[in-house]
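Residue numbers (my numbering): 7 to 887.
For reference, the structure discussed in these notes is given below.
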Amino acid sequence: MLTFLAPKTVVVNQPIVLTGSYDPQKVKAVAVIAEDKYPLEVTLNPKTKVWYVSLNKGFNLAGKRWFRLQGKSSQGQIIKDDRFEITVAQAGINLGARFSLITLQDTWFKKSPVDSAKLSATEKQLIRTGEFLGIDSYKVVGNHLQVDLSQQLPNVGEVGYFYLDHITVAKDSEMLWFEQEDLPTTPAGTQLLWITTDTLFKLKAESSALLAPNQFVEVPQGRTFTILGYASVENHFRISSREEVPGIGYSGFVYRHHARIFEQGKEIPYDTNALNLVVLNSTFLKKRTDDSAYLPDRDKVSLSPGMIYGVQSYAFEDEHIKVALTENFPGFGNTGYVYPDFVRLTRAGVPTSPDTQPITYNGPSEVLVNKPLTLRGTFDPRVVTTITLKAEDRYPLNVVLNRSAGLWEVILPRGLQEPGYRWLRLRALNSQEKLVGTQVINLTVSPEPLTVGESLILTVLKDTLFKVAPLDSNSLKAEQKITVSKGQTFAVDKYGLLDGHLKILLKNAISPVGNFGYFFPGHVSLKKGKEELKFGIESVPDTEAKAQLLVIKTTFLKAQPVDTASLEANQYTPLLLGQTFPIQGYASTEGHFRVTLGESVPGFGNVGYLYWQHVQIVRQGQEVLFNPNALTMTILAITVFKKQPINASQLSASDKTTLPLGRVYGVNSYVVEANHLKVALTEELPNFGNTGYVFPGHVQLRSGSQTLQPIPPQLELNVPYFSQRDNPRYSWATCNVTSIAMVMAYYGVRPRYGGQLEDELLQWTLNYAGQGSYTEHNVLTALIKAYGFKTSFSTTRRWYEIKEELINRRPVVLPGDFIVPSGHIVVLIGYDNRGYIANDPWGDAYTAYTSTYGRRRLYSYSYLNQVAGPDGNVWAHFIAP
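And the structure:
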């Protein structure tokens, strides 16, 4: 009727599951009370006739523990009252086993998954009811479980089979379930996530090859989670767990083919055409459309930037979007109102608008600069009285209504005068001047008449690989890469560069990789219309510096910075994890460090390329960051490096030093001043320092492979580029901490705990001020000061102040309306006569972020004045060491 099965002996401080059996026809409730004092939470599974108690921390003291076990009838009467004991030991036979197995009845441990009657005595062993065994691994084989025992048994040994219905298996304090009919039920308003294949619980919906070790945790087959909500996102389920997942938190992603979701026993399939709500800025889900400031806490729930929620239905109502989510917020529910400016609705990952809106936009998404332009759309004249259209919420445009035809249009005879990304807000008001429809229109203003409106097409030039990560193909599994043949063409949605690879989002997926992956640039061409986009990189000179190289992952030293699959056998040689080498010079290029070793590698030489994530370079006690666009200065003629920009003959010997022909120096920053280049080097010159003046005609400056022309006057700081798109949490909304991380890295800050610096800064803001605080400028100011920097933030900057900061070699963090009304932040790293040079963490604003390549983007002065000005109203963070 009711029994305790196992374990009889446990190890102190080890998570454990106390397990027993019961008759669900007679016993309707089970109670377990430690020493008649401490009631424990009991879970019943009537399908398997098993009761269990999960103890996450186990028992903290060694010794004997006793428990009262009671069974109650449907009338609440105690029909069974028993006791059982457990010995808590300092060590145990199953200590260190990954999983535990308990037999529910007498059963056979067998060499084959067949009926025991067909096996000889030496091919099976009888295991009695309530045996507790440690197992290292398992695999479901039909109606059996193949297990690898921690301790071998006579006859069969370590590897064998149990009949599934005769056992239970647990991972620490969590029960595992291998058959759908055995799955536990969950409370109303929740769902059950069932892991059907060993998988990863991730912070981002990407291949694990692209994630750092602290961005995912392993989850075994059979594990279940009670979840409060889900969304279908990029071939993953985004789920909200009721309990915290150690190392991840309450929200994460699971690959769709490795898990199933059930609600009240009915499966919820992955929806490839899912409607989702993406939170762009901190906002509230509200019970009513009132201002959230006047609502009690019970009538609103805070939504954090970057979160994605599944949507069951929506409607436009009283200037809000009313949504029914696939997420149940405790104490609130799943239905409420959100303000449309702070969220985005997407269908299958593509932005969409409420189809009940009485207004539409039917015009182009890409236009030619300085060309007459007409923007037009439809409206419902029965509902709409007034329509307004404003560029960047600042510049109103004249809207003409044709009420009889239900058409609106805006005529711009001169078109738009500046190339780049523009956004316009379309609003429809009724006769009471209440908002009844709104939409953000995104426009790309192109200077290229041959490419306006043309699609992106990728052509394969030679047989190559499409990969899930920008890694050497030898390190990828078969399902993480696919060969594509010469001559194939693919339509492309977005592109970018990462670690010497072309990052591509295809319109149609290539199985098994999907529609997002990486090509080697030399193997493909990418065209927009008739224009071929160029990604070639020339050879990069070494930065001469004595340093130390550490191999942190077994890798290859290669003759070229390409995939080893395209190299001859004598063009690469392995380097083993843990090896160290003195190096004479290094440079960053095409996703690799080019290194000059202190000694030759037999059969190879001393100069080669190493994938940057497989090695570390340490110089003067500091790790050298990989930077594919590092600034260098090559001496073209013997010249003088001077303390002042005057004739060298007027300077004393201590105020000048000679720079030899051919020498290459790393450069932190430079500026044009008094017909000289004022240069700050990455190294100290003996008895001189690292900053001085040099005649421009005697040197050549490069950023990566690109030769720079410093005259007319321009400036560019050597600020490393970080993309927010690879941030594991809230990637849509973390332009702020990512921009600040670039500036801090420029000043020499490195992550304290490994991983990405921007992730560390994000966590600081969450600890300091809670969810969503990373968008608040006062919190960002506190963050910058906490890392030891001087800083000031103002919303009334002048553009000349911005330029002065750059001249003084201090990058500027600049907010503006680059994207949709939620805003965006970039880092200004320099300027020239055309505009400011920006590291844009989201990509290239001039392509409406179709290109995710945001390094060293040149944004014109007039464009920045539109999106971040006007002069006197510029928002900016100034940061100084």
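Just so it is clear, CB atoms sit at the ideal spot from N, CA and C, and this is done for glycine as well.
Where L403 is concerned, there is no enclosing alpha helix (DSSP H), although the beta strand (DSSP E) around it starts and stops at Y401 to L403.
With a contact defined as Cβ atoms closer than 8 Å, F525 and I510 qualify at about 6 Å. In this structure, V284 sits near W738, with a CB-CB distance shorter than 8 Å. DSSP places W805 outside any beta strand (DSSP E); the residue lies instead in the alpha helix (DSSP H), whose first and last residues are W805 to I813. The residues F728, Q730, E764 and P847, in chain order, have a CB closer than 6 Å to that of T744 in the same chain once the five nearest residues on each side in sequence are set aside.
Here S437 is exposed. Its C-beta has fewer than 16 other C-beta atoms within 10 Å.
Per DSSP, the continuous beta strand (DSSP E) segment holding T25 begins and ends at I22 to Y28. In this structure, the alpha-carbon of Y276 lies about 30 Å from that of S461. The beta-carbon separation of R840 and L864, rounded to 6 Å, stays under the 8 Å limit for a contact. One alpha carbon belongs to K34, the other to P190, and they sit about 15 Å apart. The beta carbon of F348 sits closer than 6 Å to those of L286, N287 and T289, all from its chain and outside the five residues before and after it, given in chain order. In this structure the region 91–98 lies against the region 62–76, because at least three pairs of beta carbons, one per stretch, are closer than 8 Å. If you draw a 10 Å sphere on the C-beta of E185, you find fewer than 16 other C-beta atoms in it, and that means exposed. In this structure P817 touches Y752 by the C-beta definition: roughly 6 Å separates them, less than 8 Å. For K377, same chain residues with a beta-carbon under 6 Å away, outside a window of 5 residues either side, are G421 in chain order.
Here the region 231–251 does not lie against the region 100–120, with fewer than 3 beta-carbon pairs under 8 Å apart.
The secondary-structure analysis by DSSP pairs G255 across a beta bridge with V251. Around the beta carbon of G698, 16 or more other beta carbons lie within 10 angstroms, which makes this residue buried. Per DSSP, the continuous beta strand (DSSP E) segment holding E722 begins and ends at L721 to L723. Counting along the chain, D765 sits inside the alpha helix (DSSP H) bounded by residues L763 to A775.
In this structure, the beta-carbon distance from P52 to P21 does not fall below 8 Å. If you look at Y615, you'll find it in the beta strand (DSSP E) that goes G611 to Y617. By the neighbour-count definition (other C-beta atoms within 10 Å, threshold 16), V225 is a buried residue. Nearest in C-alpha terms to G140, of all of T853, A176 and K130, is A176. Beta-bridge analysis with DSSP links S531 to T465.
In terms of CA proximity to T444, R350 leads the group N674, V498, G255 and R350. Under the 8 Å Cβ criterion, the region 627–635 counts as touching the region 585–603, having at least three qualifying pairs. Around Y736, the same chain offers P311 and G312 as residues with beta carbons nearer than 6 Å, after the five sequence neighbours per side are excluded. By the Cβ criterion, the region 550–567 is in contact with the region 607–622, since at least three pairs of Cβ atoms, one from each stretch, lie closer than 8 Å. Secondary structure at I141: strand, using DSSP grouped into helix, strand and coil. Take S179, set aside five residues on each side of it, and the residues of its chain with a beta-carbon closer than 7 Å to its own are P21, I22, V23, S60, L61 and N62, in chain order. In the DSSP secondary-structure assignment, V389 is not bridged to any residue.
If you check the CB distance, F385 and A321 do not come in under 8 Å. By DSSP's assignment, E537 forms a beta bridge with K534. With respect to the 8 Å criterion, R382 and L430 are not classified as neighbours on the basis of their beta carbons. One alpha carbon belongs to Q363, the other to N514, and they sit about 30 Å apart.
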